[in-house]
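Just so we're aligned: the sequence shown equals residues 362 to 516 in the working numbering. We put the beta carbon where it would ideally sit given N, CA and C, even for glycine. The block underneath contains the structure these notes are about, expressed in structure tokens.
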Amino acid sequence: MTPFAVGPDRTPSLSLGHAPVIPYTPGVSIHHLQLWVPDLGRAETSWGWLLGELGFALERSWETGRIWRENGVGIVIEASPDMVPGMLYSRLRPGLNHLALRAPTTEKVAELALEGPDHGWTQIATDTRHALPAALSVAFLEDADGFEVELVAGT
362 MTPFAVGPDR TPSLSLGHAP VIPYTPGVSI HHLQLWVPDL GRAETSWGWL LGELGFALER
422 SWETGRIWRE NGVGIVIEAS PDMVPGMLYS RLRPGLNHLA LRAPTTEKVA ELALEGPDHG
482 WTQIATDTRH ALPAALSVAF LEDADGFEVE LVAGT
């Protein structure tokens, strides 16, 4: 079986047999990002709230994971049985440092930063190492497992 399929609108899509066919979205290169988490329930509380607030919809749940999708891009959290025991994530090691997500407005960035602690997020210091355009509104949040999200609004 070929992993490629053609979506209902005749555009190429990827189908691995275990997930729905997601049509190709021009201009969007990422199909999904997958984060392995040590505690699925804790991650679902924080990530589920944040992704829902940003317009992502829960697409699928299974015993060890969840996927939310928006505009064809998926964010997966999974407590994979393949994780190496005792190896905790650190954004300060080589690998993914943070995930930057667009918020629709500056007001939404402020709202999420304010409400984040009620949903397992901590606001962390503004990143002063990067020169940010004045028209950009940014908030940096960290979950209980050390994953950092940069919320960005503006141009």
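(message) With a threshold of 6 Å on Cβ separation, who are the neighbours of Ile-428 within its own chain once the five nearest residues in sequence on each side are excluded?
(response) For Ile-428, where only same-chain residues beyond five positions count, the Cβ hits under 6 Å are Glu-420, Arg-421, Gly-435 and Val-437.
(request) Using DSSP bridges, identify the partner residues of Leu-401. (result) Paired residues: none, contrary to the question.
(message) As a quick exercise: from Leu-401, Val-510 and Arg-430, pick the residue whose alpha carbon is nearest that of Arg-477.
(response) Per the sequence shown, residue 477 should be read as Gly rather than Arg. The option with the nearest alpha carbon to Gly-477 is Val-510.
(message) Please identify the residue among Gly-515, Asp-506, Val-513 and Leu-512 whose C-alpha is closest to the C-alpha of Val-398.
(response) Check the Cα spacing between Val-398 and each of Gly-515, Asp-506, Val-513 and Leu-512: the tightest is with Asp-506.
(request) Locate the beta strand (DSSP E) running through Val-445, then write down its first and last residues. (result) From DSSP, Val-445 is part of no beta strand (DSSP E); its letter is neither H nor E.
(message) Which of the three DSSP states is assigned to Gly-435 in this structure?
(response) The answer is strand: DSSP assigns Gly-435 an E or B state.
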